[in-house]
Amino acid sequence: MKKLSLFSAVVTFIVCVPASFAATPLTNPETSQLRPAGTVSASGATHLGDLEDKLAEKAREEGATGYVITSAGGNNQMHGTATIYK
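Mind the numbering: the sequence shown is residues 1 to 86 in full-length UniProt numbering, read in order.
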């Protein structure tokens with residue numbers, strides 16, 4: 001029983017902690033309470049989900065609390081930009 005409780009605690013920690021440091025996608029109404037802090041760009045993604053992950057990672061590296069994707073495009077290689085908010 002102790003091992004199960006410890007395992008549950010470790011899994012919860014692993015799942016929850018990285019999410020608390022991630023920048024989250026925002027909608028335009030949500031940005032009214034935040035200050036724009038710049039833009040980030042990413043390229044080389046193979047699909048839109050990959051592009052969003054790359055932009056979210058760059059926003060997190062810049063210390064943003066959230067981001068709004070402002071452009072996305074490409075054929076075989078996706079590229080895009082996002083405005084970051086702090």
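The beta carbon of each residue, even a glycine, is placed where N, CA and C say it ideally should be.
Burial state of residue i, where buried means 16 or more other Cβ atoms lie within 10 Å
i: Phe13; result: The predicted position of Phe13 is uncertain, since its pLDDT is 44 and thus under 50; a value taken from the coordinates is nonetheless stated next. When all chains shown are included, Phe13 counts as exposed.
i: Ser20; result: Bear in mind that the predicted position of Ser20 carries a pLDDT of just 47, short of 50, making it too unreliable to give a figure here.
i: Thr48; result: The amino acid at residue 48 is misidentified as Thr; the sequence shows Leu. So Leu48 counts as exposed.
i: Gly66; result: buried
i: Gly73; result: exposed
Selection from the options that minimises the alpha carbon distance to residue i
i: Ala64; options: Pro29, Gly73 and Thr83; result: Thr83
i: Gly80; options: Thr27, Gly38 and Leu55; result: Leu55
i: Asn76; options: Lys58, Leu51 and Pro25; result: Leu51
i: Pro25; options: Arg35, Ile69 and Gly73; result: Ile69
i: Lys86; options: Glu62, Ser71 and Met78; result: Glu62
Which runs of the beta strand (DSSP E) spanning at least 3 residues fall entirely within the UniProt domain "YdgH/BhsA/McbA-like" (34 to 86), listed in chain order?
-> As far as the UniProt domain "YdgH/BhsA/McbA-like" (34 to 86) is concerned, its whole beta strand (DSSP E) runs of at least 3 residues are 36 to 45, 66 to 74 and 78 to 85.
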